[in-house]
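Asker:
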Amino acid sequence: MTDRPLHIVTGALGYTGRSVTEQLLARAVRVRTLTNSPNRPNPFGDKLEILPLAFGDPDALARSLEGAEVLYNTYWVRFNHALFTFDRAVASTKILFDAAARAGVGRIVHVSILHARSADDLGYYKGKHELEVALETCGVGHAIVRPGVLFGRGDILVNNIAWVLRHLPLFGTFGDGGYRLRPLHVDDMAALMIDHAHRTGNTHADAVGPEGFEYRELVRTIAGILGVRRAVVPVPAGLGYWVGKLVNPIVKDVVITREEIEGLMRGLLDSDAPGAGNTKLTDWAAEHREQLGRRYASEVGRRVKRDEGYDAI
Ligand SMILES: NC(=O)c1ccc[n+]([C@@H]2O[C@H](COP(=O)([O-])OP(=O)(O)OC[C@H]3O[C@@H](n4cnc5c(N)ncnc54)[C@H](OP(=O)(O)O)[C@@H]3O)[C@@H](O)[C@H]2O)c1
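Note that numbering that gives the first Met the number 0 has the sequence shown beginning at 0, numbered continuously upward.
1. Between R215 and T281, what straight-line distance do the alpha-carbon atoms span, to the nearest angstrom?
2. Which stretch, first to last residue, makes up the alpha helix (DSSP H) that contains G126?
3. Determine the closest residue to V185 out of W283, L23, L149 and G226, with distance taken between C-alpha atoms.
4. CB-CB under 8 Å to V232, same chain, minus the five flanking residues each way: which ones, in chain order?
5. Who are the near neighbours of E338 in its chain, counting only those whose CB is closer than 8 Å to its CB and skipping five residues on each side?
6. Can you tell me whether K304 sits near ligand 1, meaning its C-beta is under 8 Å from at least one heavy atom of the ligand?
7. Per DSSP, Y14 forms a beta bridge with which residues?
8. Using only the alpha-carbon positions, how far apart do L180 and T220 sit?
9. With H, G and I counted as helix, E and B as strand and the rest as coil, what does DSSP make of E65?
10. Do you know how far the Cα of A11 is from the Cα of S18?
11. For the segment 202–215 against the segment 265–277, do three or more pairs of beta-carbon atoms, one drawn from each stretch, fall closer than 8 Å, so that the two count as touching?
12. With a CB to CB cut of under 7 Å and the five nearest residues on each side skipped, what residues in its chain are close to T15?
13. Would you kindly work out how many angstroms separate the C-alpha atoms of R62 and D97, rounded to a whole number?
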């Protein structure tokens, strides 16, 4: 037995969960992950305990949470798909919160989305809103951390902007591209989550980075860093969506959804909150310019190739 505190992270072999796990292990915390992808490459070896994220067996789920000081919940689905839906993710997450309450978990640090309560007409936001309310009523002390866009090691949005810039002759922004976003580095996101794990009372934070960009400016900035000359042109949002749809079969993914375009254009990825980390996207992109956007990063690939690491998909 060990007297190190036990922290539980969903999806430690995924994206945000991996950064949280890295930082917890560096603090000599005992870490267990709950995941349905236990065979992904595991950079943590036997320092990481691995158990199933057993939504179908709430009692087993509660047992797997017993003794935990903190549960970090990163679980969510990005869009509705033949293999997964928002409705199922909402129901599953409620099972997780209930299991955590029954198991006596000390605190839940839950990842939501910026402006989760302001866009109930969009399925992603409606689900996130419902889960924030469910968390508040589940009886466990909690923190809600709300990112807009994350970047760094294996991210999707920034990497795939770079991929388009490298592979297509021009870049179309949805509408004029004048809406803003404030990307946060995934390691800064993890540090913010761990910070909120150690606060008292119920807390929440917008997880935004130190730099803000208009979307068109972000695309031009990345093009400049990659050293590619591309026209960045406004296109009607509907046309941009259909161009994405044409690319879907080529990359075997859902490049972007109508809801994601709508959220972006409404400025839902922006916030006036203080920056939650110091890592600048411009510095990080310059440091990784050789690799950035060389491979397309596939959301659906990550869901169906459960034995592979995110960097390879
Ligand atoms: N990445 C961003 O830019 C961004 C921006 C705003 C908000 N967020 C929020 O941040 C949280 C973590 O996102 P992330 O990007 O770090 O994601 P991620 O690691 O790819 O996914 C988190 C975990 O959710 C599970 N999961 C994801 N999609 C699934 C699906 N379709 N079916 C079943 N399980 C699925 C996976 O569990 P298994 O381990 O079981 O496979 C995964 O480990 C989410 O709540 C997301 O909404 C992320």
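All residues carry an ideal CB built from backbone N, CA and C; glycine is no exception. The structure displayed is predicted, hence computed values, not measured ones.
Answerer: Here's the rundown:
1. 15 Å
2. G122 to E135
3. Ranking W283, L23, L149 and G226 by Cα distance to V185 puts L149 first.
4. Contacts found: L169, F170, G171 and T172.
5. For the chain, the structure presents residues 0 to 312; residue 338 sits outside this window and is missing.
6. no
7. Y14 pairs with nothing; no bridge assigned.
8. 13 Å
9. It is coil, neither helix nor strand.
10. 8 Å
11. yes
12. T73, V110, L149, V185, M188 and A189
13. 12 Å
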